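Here's the structure we're looking at; comments come further down.
Residue numbers (the numbering used here): 2 to 737.
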């Protein structure tokens, strides 16, 4: 439920959805870029699902070309398809180099930029292939017995690091071979389920020799061990790294299973010796960092070696059991073992990072005041943070290309496209001045975008955007009940008329500590809500990153407290506007946002006329026992409900939404997936049953085959149609 980068990760899940082996569309037709025609300039569910979704981006070592993947979806076939593209570094000569009926993804340049390696399941399982940059001379490089889920070639090109699942749990059939059709699962410890699967395997990193044509001498780095690397459910090849000398592999691992795994976030960075075998724990070599800061007892993930090989960096959290702790950037001197945190001047999370070519500074992505931008920090001067980008956008992924940065960028009005941020070596980085739109560069006040020109390189969905009228997005600062300033995004309908009155929706964010930044979603999409003539109010309430550590941590153990008052502040302030119809207010949200909807339903004092809760917590006592990642429940709820002397825990459970059903008086739609093991579907079923038994108008949308998201195209269309039918029924009486 709570992940620091939940929106980015859910987008990745979307790209990976719709099954393993790719199949052709209807009558064998290829699923590719849509030629959809849109009427009325309004966003529709069909338009959202017609959009291509840019995935992995790879710059060639000679920095002349860029390869990237795009996922396409077919609603009639309920399937997806990944294709690969190549363009020049300036965006010219963009060509689709695959066009067939097999999933192609994760492009990587090899053999001195002469070949592109990629994952493909043409042979029946996901394997590593190669081809020329024009798509010719395709050749399978691996024939591993199982699916390869991610890969990285060593810098010298002589070895391959790849990820594959290994069996870690004995099945019922293993124990009782005479009962091969028995479906019962015997459970003896915790973590028997995780997110959306019954846990029977773990991903392991493998190292193999590569002779240019195939692999040999395959070694499982974690052979015989039941641990995960990368970590489920979201970890990929970014959690592993080659050293520049190709002699070491750094990997992320939480060496725990069962109950120990369920209550701990303490993962570490290990270094494997390719020639000698064996590995060491880099995080636990010293009890404390060299600058006196506390030990790294929480998540340590995503190692990267510096280009000169002198350092290794990774993202590090301080406290065990707190998965939304401040994500810091740790740098270790490989010769001395000295560790220090170089992002301490940035009071928000380091969401991703990239070494500069000179190994003297590091670029990173971080959210501040509702926007994810690109920053830089030096190894010698780590007290200052420098900002490279600005504007009402979120940046995602980074790669250096000459004197430019190649990155993906999206906003509330546009999905991911690839951009170039140029001339990084022409001027000094501007000093970041948080809270302003102008950044001090020496003795001038020059906007960042004028220092570093930004150029859009791809236009994947231009043919769709050209047919749409997007609603205006603006940020408003509102004074909260405790005198703080809160940023709230307001999204207006297309062709907004201030002389009219509009039904208005309060959006409740999930996570709970996921930012309400300039995100683009293919389900919780603000522009499609606006296109249906709703004003959207999306507050960065208490408990979100990007406004300082204190603001982010204020939600833990206080689910029914200040964060809920912040919601009331946002909707009450907007209800004062003459164009907002205060008699037609709705409230919607998923995950913690779903909990928020259930809680607000019992406390809103007749503010709202309709509610929609997706994958939300209804009964917190049951959630404490049902969820699989116990560290989340222990930290956020403050402990177990049976700890009668634990004031924080008792306050938490006293605020469980199910205790206030007697005050429910407003129509509510409950949505849930039965493969959601973070928050079980019985939470929505119980909420629906309670509403019906109370005489409150209610509806339930259950997906037997979806998890904490809705990943299949037809289910996605059904979600949107049900969502707006419910809102229109109660907030647009004229349409009844």
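Every residue, glycine too, gets a C-beta built ideally from N, C-alpha and C. Quantities reported herein were computed from a predicted structural model and do not represent experimental measurements.
Which residue comes first and which comes last in the beta strand (DSSP E) that contains residue i?
i: residue 121; result: 116 to 121
i: residue 763; result: As shown, the chain starts at 2 and ends at 737. That puts residue 763 outside it, with no answer to give.
i: residue 60; result: 54 to 60
i: residue 490; result: 486 to 492
i: residue 163; result: 160 to 168
i: residue 506; result: 503 to 509
Taking a contact to mean a Cβ-Cβ separation below 8 Å, would you say residue i touches residue j in this structure?
i: residue 362; j: residue 389; result: no
i: residue 721; j: residue 684; result: no
i: residue 128; j: residue 98; result: no
i: residue 110; j: residue 155; result: no
i: residue 449; j: residue 431; result: yes
i: residue 76; j: residue 86; result: no
i: residue 458; j: residue 88; result: yes
i: residue 37; j: residue 80; result: no
i: residue 301; j: residue 269; result: yes
i: residue 164; j: residue 173; result: no
i: residue 399; j: residue 519; result: no
i: residue 425; j: residue 405; result: yes
i: residue 229; j: residue 203; result: yes
i: residue 637; j: residue 709; result: no
i: residue 1; j: residue 474; result: Outside the modelled stretch of the chain, which goes from 2 to 737, sits residue 1, for which no answer is possible.
i: residue 608; j: residue 662; result: no
i: residue 266; j: residue 632; result: yes
i: residue 590; j: residue 90; result: no
Take the Cβ of residue i as the centre, count every other Cβ of all protein chains shown within 10 Å, and call the residue buried at 16 or more, exposed below.
i: residue 712; result: buried
i: residue 688; result: buried
i: residue 605; result: buried
i: residue 567; result: buried
i: residue 232; result: buried
i: residue 340; result: buried
i: residue 542; result: buried
i: residue 692; result: buried
i: residue 545; result: buried
i: residue 499; result: exposed
i: residue 657; result: buried
i: residue 259; result: exposed
i: residue 630; result: buried
i: residue 726; result: exposed
i: residue 12; result: The pLDDT assigned to residue 12 is 38, lower than 50, so where the model puts this residue is not dependable; a value taken from the coordinates is nonetheless given after this. Looking at its Cβ environment, which holds 16 or more other Cβ atoms inside 10 Å, residue 12 is buried.
i: residue 469; result: buried
i: residue 595; result: buried
i: residue 538; result: buried
i: residue 180; result: exposed
i: residue 515; result: buried
i: residue 240; result: buried
i: residue 570; result: buried
Among the residues of its own chain, which have a CB less than 8 Å from the CB of residue i, if the five just before and after it don't count?
i: residue 93; result: none
i: residue 290; result: With a pLDDT of 42 at residue 290, under the threshold of 50, the modelled position of this residue cannot be trusted, and the question is left open.
i: residue 581; result: 502, 503, 505, 536 and 575
i: residue 478; result: 486, 487, 488 and 489
i: residue 190; result: 258, 259 and 260
i: residue 247; result: 155, 156, 157, 159, 160 and 275
i: residue 444; result: Caution is warranted here: a pLDDT of 38 is assigned to residue 444, below 50, making its placement in the model unreliable, and the coordinate value is therefore given only provisionally. There are no such residues.
i: residue 288; result: Only weak support is given to the placement of residue 288: the predicted model assigns it a pLDDT of 41, under 50, and the value that follows is read from those uncertain coordinates. Hits under 8 Å: 296.
i: residue 113; result: 62 and 63
Spatial neighbours of residue i within its chain, please: C-beta separation below 7 Å, excluding the five flanking residues on both sides.
i: residue 706; result: 676
i: residue 733; result: 504
i: residue 170; result: 200 and 201
i: residue 52; result: 416, 462 and 465
i: residue 103; result: 23, 121, 122 and 123
i: residue 34; result: 53 and 73
i: residue 650; result: 638, 639, 640, 641, 642 and 644
How far does the alpha helix (DSSP H) with residue i in it extend, from its first residue to its last?
i: residue 380; result: No alpha helix (DSSP H) holds residue 380; DSSP gives it neither H nor E.
i: residue 75; result: Note, residue 75: premise wrong, no alpha helix (DSSP H); beta strand (DSSP E) at 66 to 75.
i: residue 569; result: 563 to 576
i: residue 633; result: 631 to 638
i: residue 597; result: 593 to 602
Grab me the residues of residue i's own chain with a C-beta within less than 6 Å of its C-beta, minus the 5 sequence neighbours each way, in chain order.
i: residue 699; result: 669, 689, 692 and 693
i: residue 619; result: 599, 658, 659, 684, 687 and 688
Is the beta carbon of residue i within less than 7 Å of some heavy atom of the ligand ATP?
i: residue 327; result: Of the ligands one can find in the structure shown there are none, so the ligand ATP has no counterpart to examine.
Worksheet item: With contact counted as at least three CB pairs below 8 Å, one residue from each stretch, are the segment 613 to 630 and the segment 527 to 537 in contact?
Response: no
Item to complete: Taking 8 Å as the threshold, find out whether the segment 185 to 205 comes into contact with the segment 677 to 696 through three or more Cβ pairs.
Response: yes
Item to complete: Decide if the segment 354 to 373 is in contact with the segment 311 to 318; the criterion is three or more beta carbon pairs, one per stretch, under 8 Å apart.
Response: yes
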